[in-house]
Amino acid sequence: MNKVIVGNHAVSWGVKLARTEVISAYPITPQTQIVEELSDMCARGALNARFIKVESEHSAMAACIGASAAGVRTFTATSSQGLALMHELLHWAGLGRHPIVMANVNRAMGPGWNIWTDQNDSLSQRDTGWIQLYCETNQEVLDTTIQAFKLAEAVNIPVMIILDAFFLSHTSEPVDIPDQVTVDRFLAQRETSIKLDVADPHAFNALVRPDAYMEMRKDQQDWMRRAKTVYAEIETEWKALFGREYGKIEPYRTDDAELILVTSGTVTSTTRHVVDQMRERGTRVGLVKIKMFRPFPTDDIRRALSGAIKVAVLDRNISPGRSGIFAEEIRSALYNIPMDDRPKIFGYIVGLGGRDVTPAVIEDIVEQTQIATQPTREDLWVGVKP
Amino acid sequence: MKQTTRYGPPRVASSTTSTVANQTGSWKYIRPFYQDKIAPCNAACPVGIDIEAYIALIREGRWQGARELLLQENPLPAITGRVCDHPCEQACNRSQFDAAVSIHAVERVIGDMILQTPPARANSTSTHTIAVVGSGPAGLACAYHLVKLGHDVIVIEAAAEPGGMLRLGIPEFRLPRRILDQQIEWLEALGVCFRTNTELGTDIAWEDLSKFDAVFLATGAHSGRMIGIDEEDGPTFMSGLDFLKAVNVGQRPSIGREILVIGGGNTAIDCARTVLRLGADPLVVYRRTRNEMPAIEQEIREAESEGVRFQFLSAPVSVRHGESGTRGLNCIRMELGPVDASGRRRPVPVTGSEFTIASDTIIKAIGETSQLDYLPVALEREGTSLIVGGLGETNIHTVFAGGDMTEDTRSVAFALGAGKRGAIGIDRLLRPGRRQPDELAVEQLKFADGNVSMARWMSSDPVARAAPVNRVVSFDELNVNHFRHLARNEDRTTMMEENQGSFQEVNPGLTSEDAITEAGRCFNCGVCNGCELCLILCPDIAISRGTGEERFIIDMAHCKGCGICVEECPRGAMAMTREGL
Amino acid sequence: MRELRIHGRGGQGAVIASKFLAVAFFRDGKWVQSFPAFGVERRGAPVTAFLRLDDDPIRLRCEIVNPDDLIVLDPTLVGAVDVTGGLKKRGSILINSPHPPETYGELLKTFEVATVDASAIATRHGIGSKTQPIVNTAIVGAFAAYSGIVTLESVCEAIEEEVPLHTGRNVDAAKEAAEAVRTLGKVKAVP
Chain L
87 MNKVIVGNHA VSWGVKLART EVISAYPITP QTQIVEELSD MCARGALNAR
137 FIKVESEHSA MAACIGASAA GVRTFTATSS QGLALMHELL HWAGLGRHPI
187 VMANVNRAMG PGWNIWTDQN DSLSQRDTGW IQLYCETNQE VLDTTIQAFK
237 LAEAVNIPVM IILDAFFLSH TSEPVDIPDQ VTVDRFLAQR ETSIKLDVAD
287 PHAFNALVRP DAYMEMRKDQ QDWMRRAKTV YAEIETEWKA LFGREYGKIE
337 PYRTDDAELI LVTSGTVTST TRHVVDQMRE RGTRVGLVKI KMFRPFPTDD
387 IRRALSGAIK VAVLDRNISP GRSGIFAEEI RSALYNIPMD DRPKIFGYIV
437 GLGGRDVTPA VIEDIVEQTQ IATQPTREDL WVGVKP
Chain E
10 MKQTTRYGPP RVASSTTSTV ANQTGSWKYI RPFYQDKIAP CNAACPVGID
60 IEAYIALIRE GRWQGARELL LQENPLPAIT GRVCDHPCEQ ACNRSQFDAA
110 VSIHAVERVI GDMILQTPPA RANSTSTHTI AVVGSGPAGL ACAYHLVKLG
160 HDVIVIEAAA EPGGMLRLGI PEFRLPRRIL DQQIEWLEAL GVCFRTNTEL
210 GTDIAWEDLS KFDAVFLATG AHSGRMIGID EEDGPTFMSG LDFLKAVNVG
260 QRPSIGREIL VIGGGNTAID CARTVLRLGA DPLVVYRRTR NEMPAIEQEI
310 REAESEGVRF QFLSAPVSVR HGESGTRGLN CIRMELGPVD ASGRRRPVPV
360 TGSEFTIASD TIIKAIGETS QLDYLPVALE REGTSLIVGG LGETNIHTVF
410 AGGDMTEDTR SVAFALGAGK RGAIGIDRLL RPGRRQPDEL AVEQLKFADG
460 NVSMARWMSS DPVARAAPVN RVVSFDELNV NHFRHLARNE DRTTMMEENQ
510 GSFQEVNPGL TSEDAITEAG RCFNCGVCNG CELCLILCPD IAISRGTGEE
560 RFIIDMAHCK GCGICVEECP RGAMAMTREG L
Chain Y
4 MRELRIHGRG GQGAVIASKF LAVAFFRDGK WVQSFPAFGV ERRGAPVTAF
54 LRLDDDPIRL RCEIVNPDDL IVLDPTLVGA VDVTGGLKKR GSILINSPHP
104 PETYGELLKT FEVATVDASA IATRHGIGSK TQPIVNTAIV GAFAAYSGIV
154 TLESVCEAIE EEVPLHTGRN VDAAKEAAEA VRTLGKVKAV P
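Residue numbers (this note's numbering), protein chains in the order written: chain L, 87 to 472; chain E, 10 to 590; chain Y, 4 to 194.
As structure tokens, then:
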């Protein structure tokens, strides 16, 4: 079924098709439509889920952890300050190994108060033990939402699906909504051997002494790494059923490219347009889209970028005092490859607080990178007024 | 199709073995248990109604059960729902949280429902016949309970119609005659026999009563008290009760325009509102302030809104003689002195503060006393009241008494309670086998220090109770954090303009939906209502749902005696005890 | 690729109008993208909404600054805000107005102008209130007829899909407005 829907509703549809059992969320712009639609689906009986109203995002995540611990499929959604308020419990969900799925609509952190897109909210939660998947289109948002439950439940790690404020959340475009029967073939009811069960009581999350804590962390790390393989398996399965795949990363026209742009989120889409136009003019430029940020697909990144002469990373985020976060990760991923294969990394800061990243901005970055032999600094700010 | 690999459980901070093995129960030195207590409303009810229990049934929409429970203790709920001064609501713990549960309004809704269908005739299971003298609330209650206990009863009434003070002393706008008539018919259908127009001492002699197995005296108090000033038996004075009786039998006494009503009780307020309806202008003269008035607060409020005026801190001194006959009352200002025996501050005259109020008629409504002249002198009395025991016993073996003619608070509810006590006293006399002698102590029949319970006398309490203790639960014993503030469903009072000159009932009552909502406000003080907070909050999951009478079972092998269940119980229905004791 | 911008006031339904058109174009086989001006809205304040359409999947995900076509839901916006800002030369403007296009002489120097009295049509069909008619269904009907790039049939189907209440009235308004567009020098139909 094809429908023209906003990205927020693509999330809602995914959650519905995944037969989610418990939803707990607190509204925040620009995420509100997601849970508004879900609460409506619950009220209409279209989705047989328990919708738990709460007074804050912290409580929303607490409710999700409780529900997930009881063994049911659980979802929440938030944005920006809301995600920040959840921070403590994001660790809890991560180390408790609760396969919760959350949609985070990327929105800039305040102050100054800003409701527009920017990745600093989700990237600030990098080390909380959540898988992070950044989406480019409403179709990808819907597909990834359903996949996320399967991934989370396979590795017992929570998954954050990330979509750009307004450029996806509030933009309507055609989406192919899968039918329930096929989704049911892809995603069975959640099964778990460890859960809160009064008939078989266990102690959970009690004191863990130094002699055991490290092993617990190592297990989390091992499964984070395995999540990359599992995601590839899930994508294969998805493609067989629905004919679409996205990849942890997606190289686009990178063959023989001298300059490769690296993007995430909706900037990717506009960059494809620019790459196509420049390719027509004979420029040897390509693109690598990063979808999976945690676990970081280091090997895929090495394969995709080694051999290029220059790499320009477009970061819609900033780690204050350092540089763009994706650029940082890529520099670190490429450091241990042979010196000859190592491209020069140009890290551009673009589009913070929802500032538009137009084809002109991207073309400018390409030209600047082509001219330069060496980045003058690790964070190259684009379009900043004096 | 190839399914994604499923993997084993993650390494999380969870115990590998079941925590059932960890018998945390061995840690405790105190243990919780379920212990039902007495709700303050039950203890405060002069009738002795299990209010908490019937309100709980209404909340669940179980009207039939609520009716049976209520009728076990109170024969006249449609009447008490209207005219009782509801001490239950003053005692209600909810009044310390937001506002008391509107118990009387809920009772009235069931009372009216009860009158819709006549009762089945009670089975006569005894060979005894009892005479009840007087058909006011005490007599009606005694007759009702005795009939339900299987005895035959004849109610002897001096007036033309049964009802006593209910018919003669309470104005129509508070208690419509229609309701009273239906109530009498209802009692007749149950098996109560009435012999009206029969006055003891005139139409039948005291000796004629000896053919009955027992007698319950409830002839009330009808003589108006005197103020203690000269000429107060003159033509411009009237007793409040006589005035109400006259109006209640359909007379319209000519009282003039300016009417003084002396007193501050319900009779005074009823008189003032009746005067207003006769088109005259009442002024209530009371020697204390509004705060000390014994009348029902709601009645005072309604009187005020209807236009009744008040002259507080004033007492009559003498009759004023004007040039054309008696035209007024000389009064003196009072001030409140130290607290007296009634617990109220005693009014003291202010020297030199005399003043005069013009009046056409002066209605004295300062209380009534009993007339006991028709009774044999052998019956022990103190002043004008008979002396009775805890179950209405007089010093004569087969004679019992209750209501306004005894030393009891004078109200419909207290009279109903006295009637019930008398019925139990007579039942005990005539059928000693019903209860074992050691169980006969009246104290055991009472809701804490309140009235006796017929359910307890009959050992037929339909409400299951866990380890009950006969003690009232205080507000401090509740955990009100679990309650939400909810507005009280107030009585709807008709507009004052509509009340002018009309004896229509002032308060149209609640709908049954409102009654359910109002019942939902009840805390169920001291009584487990199965809310499951104990089960939900037990950190050791040691509490589970029980079957049958036991609502919950505490697994003592795992209960570590932390006391969270007791602390969190919203209604104080749990307690802790020392281990091994 | 073609880009549209819709001007209205908060409450008039500009954002929904862009959604109607997106659905209609999609039904006609186009790829579409519609979105509101990103930010906060208030009833009565000027608002804008956008639409992209193309024969191929749309990759541009940035704001629209140089639209090909404009739809103006409230004639008082002309002059009050820079409605034509960024509009391409000879770009089209469809204005909800009781007046003929000739009234907008200044705009006609640079752009193509058409008008339709969508407020009157919406009021006639009882859509919205008399003081605040909701004109979005009427004006998208007019746009179909005037632009010729989307079929009236698809526009009506889009309205049926997206409007849950008084659907029939809204479809009728769209059809009536399609007949009532005034272009320069001629009136298509007298209402």
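Heads up, the beta-carbon is just placed ideally off N, CA and C, and yes, glycines get one too. As the structure is a computational prediction, the values presented were derived from the model and not from experiment.
| query | result |
| --- | --- |
| Cβ separation of L/Ile431 and L/Ile416, assumed to be a contact under 8 Å, to the nearest whole Å | 6 Å |
| Cutoff 8 Å: E/Ile550 Cβ touching any chain L Cβ | yes |
| Whether E/Ala87 touches E/Ile112 by CB criterion (8 Å) | no |
| At least 3 beta-carbon pairs within less than 8 Å: the region 571-586 of chain E vs the region 475-488 of chain E | yes |
| Selection from L/Ser165, L/Phe235 and L/Thr118 that minimises the alpha carbon distance to L/Ile248 | L/Ser165 |
| Cβ-based neighbour list, E/Met10, same chain, cut-off 6 Å, excluding 5 preceding and 5 following | With a pLDDT of only 44 at E/Met10, under the threshold of 50, the placement of this residue in the model should not be trusted; the figure read from the coordinates follows. So the list is empty, once near-sequence residues are dropped. |
| Residue burial classification, E/Val482 (beta-carbon count within 10 angstroms, cutoff 16) | buried |
| Any C-beta of chain L under 8 Å from that of E/Arg560 | no |
| Contact with chain L by E/Met10, beta-carbon distance below 8 Å | The pLDDT assigned to E/Met10 is 44, lower than 50, so where the model puts this residue is not dependable; a value taken from the coordinates is nonetheless given after this. Answer yes: the Cβ-Cβ gap between E/Met10 and chain L drops below 8 Å somewhere. |
| Per-residue DSSP class, three states only, for E/Gly74 | helix |
| Residue-level contact to chain Y via CB, L/Thr356, 8 Å cutoff | yes |
| CB contact below 8 Å: Y/Gln15 versus chain C | Absence of chain C from the displayed structure is noted, the protein chains being L, E and Y. |
| Neighbouring residues, chain Y, relative to L/Trp469 (Cβ below 9 Å) | Sequence check: residue 469 of chain L is Gly here, not Trp. Chain Y residues near L/Gly469: none, gap ~13 Å exceeds 9 Å. |
| Own chain partners of E/Ala457 with C-beta closer than 8 Å, once the 5 adjacent residues on each side are dropped | Ile47, Asn51, Ala52, Asn479, Arg480 and Val481 |
| Touching by the beta-carbon criterion (3+ pairs, under 8 Å), the region 105-121 of chain E and the region 457-472 of chain E | no |
| CB of E/Pro146 within 8 Å of CB of E/Trp195, strictly | no |
| Residue range of the unbroken beta strand (DSSP E) whose run includes L/Lys281 | Run containing L/Lys281: none; DSSP gives neither H nor E here. |
| CB contact check: Y/Gln135 to chain L, cutoff 8 Å | no |
| CB contact below 8 Å: L/Gly100 versus chain E | no |
| DSSP three-state assignment for Y/Tyr107, whether helix, strand or coil | helix |
| Bounding residues of the beta strand (DSSP E) (the contiguous stretch that carries E/Val56) | That residue, E/Val56, is in no beta strand (DSSP E); it is neither H nor E in DSSP. |
| Neighbourhood of Y/Glu115 by C-beta, 6 Å cutoff - its chain only, sequence neighbours within 5 removed | Ser95 |
| Buried/exposed call for L/Val267, threshold 16 Cβ in 10 Å | exposed |
| Beta bridge counterpart(s) of E/Arg40 as assigned by DSSP | E/Thr586 |
| Opposing strand residues paired with L/Ala398 [DSSP bridges] | L/Leu347 and L/Phe432 |
| Host beta strand (DSSP E) of L/Glu336 (start-end) | Ile335 to Tyr338 |
| CA nearest to the CA of E/Ala30, picked from L/Thr106, L/Gly131, L/Arg130 and L/Ala289 | L/Ala289 |
| Three or more C-beta pairs below 8 Å linking the region 522-534 of chain E and the region 61-68 of chain E | yes |
| Nearest to E/Leu422 (by Cα), restricted to the options E/Cys54, E/Cys202, E/Ala167 and E/Ala22 | Strictly speaking, residue 422 of chain E in this sequence is Ala, with Leu absent from that position. For the residues E/Cys54, E/Cys202, E/Ala167 and E/Ala22, the minimum Cα distance to E/Ala422 belongs to E/Cys54. |
| Test: E/Ser24 CB closer than 8 Å to a CB of chain L | yes |
| Terminal residues of the alpha helix (DSSP H) in which E/Ser144 lies | Here E/Ser144 belongs to no alpha helix (DSSP H), and DSSP marks it neither H nor E. |
| Separation of E/Cys93 from E/Pro185, as counted between CA atoms | 14 Å |
| Minimum Cβ-Cβ distance from L/His177 to chain E less than 8 Å | no |
| Beta-carbon neighbours of L/Arg183, restricted to chain E and to distances below 9 Å | Pro18, Pro19, Arg20 and Val21 |
| Test item: CB-CB of E/Ala108 and E/Gly200 under 8 Å | no |
| Simplified DSSP state of Y/Ile1, which is helix, strand or coil | No answer is possible for residue 1 of chain Y: the residues shown for chain Y start at 4 and end at 194. |
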